[in-house]
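**Student:** I'd like to ask you about the structure that follows.
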C-alpha cells in the first residue's frame, strides 16, 4: 500500500487515508489468514460455520423486526 502526500495535507490526514486504504483492501485480514496454514477441509468447515451463523443472524433480525 502506497500513499502520496497531497498538497497541504497533514501527517495525521495522510495516516488516516493510508489506514482507510489498508482496511478497504483487506490487507491485514489477508495477512492474518496467511500466518498459519489452514487445510482445505478446515476452510470448508469454517465457511459452513460462517454461513450458518449469518443465516441465524438474519433469521433473528427478521423475527425481531416482525414483532
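Residue numbers (my numbering): 12 to 78.
Glycine residues also receive a C-beta, built at the ideal position from the N, C-alpha and C atoms.
What you are looking at is a predicted structure, and each value in this text was computed from that prediction instead of being measured.
At which residues does the alpha helix (DSSP H) containing residue 14 begin and terminate?
**Tutor:** Indexing the chain shown from 1 puts residue 14 at position 3. Unbroken run through residue 14: none, as it is neither H nor E.
**Student:** Taking the Cβ atom as the reference point for each residue, do residue 33 and residue 46 lie within a distance shorter than 8 Å?
**Tutor:** Taking the chain shown and counting its residues from 1, one reaches residue 33 at position 22. Taking the chain shown and counting its residues from 1, one reaches residue 46 at position 35. No.
**Student:** Helix, strand or coil, according to DSSP, for residue 80 in the structure here?
**Tutor:** Outside the shown range of the chain, which is 12 to 78, sits residue 80, and nothing can be said about it.
**Student:** For residue 33, would you say it is in contact with chain D, using Cβ-to-Cβ distances shorter than 8 Å as the test?
**Tutor:** The question asks about chain D, but that chain is absent: this structure has only one protein chain.
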